[in-house]
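Here is the structure we will look at.
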Amino acid sequence: MNPRHAPIAPTDPGMHDYTAPQITALLSELHRRGLPYGLLWGSAAPGERTLDGRILADFGNAPVSTLLNLLHLLRDLEGGERG
87 MNPRHAPIAP TDPGMHDYTA PQITALLSEL HRRGLPYGLL WGSAAPGERT
137 LDGRILADFG NAPVSTLLNL LHLLRDLEGG ERG
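This note's numbering applies: residue 87 is where the sequence shown begins, and numbers increase by one.
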């Protein structure tokens, strides 16, 4: 992992700021970037449940930090820093 992308903890205060539409956009990016690597989450969506006020991404009730960490890994694999 790129040293500029230290893993984001589920308890990071910034995780409270993500909305369902933002998570949907992140999941779309994960689908697009992950497809060449066999990462498929066809049923993933912003979850109905929360953990300490943070929306969970519904692919095993993972926190948004997991989604962001996966995206950072995929971006690093592609060799680019894309937003």
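Cβ atoms here follow ideal geometry from the backbone N, Cα and C, with glycine treated the same way.
(message) Please report the distance separating the alpha-carbon of residue 141 from that of residue 125.
(response) 22 Å
(request) Could you round the C-beta distance between residue 112 and residue 153 to whole angstroms and report it? I think they count as a contact, below 8 Å. (result) Taking 8 Å as the upper bound for CB-CB distance, residue 112 and residue 153 are in contact here, some 5 Å apart.
(message) Rounded to whole angstroms, what is the Cα-Cα separation between residue 103 and residue 161?
(response) Straight-line Cα distance between these residues: approximately 22 Å.
(request) Measure from the alpha carbon of residue 95 to the alpha carbon of each residue in 156, 114, 117, then state which is nearest. (result) Ranking 156, 114, 117 by Cα distance to residue 95 puts 156 first.
(message) On the DSSP letters alone, give me the boundaries of the beta strand (DSSP E) that residue 132 sits inside.
(response) 132-137
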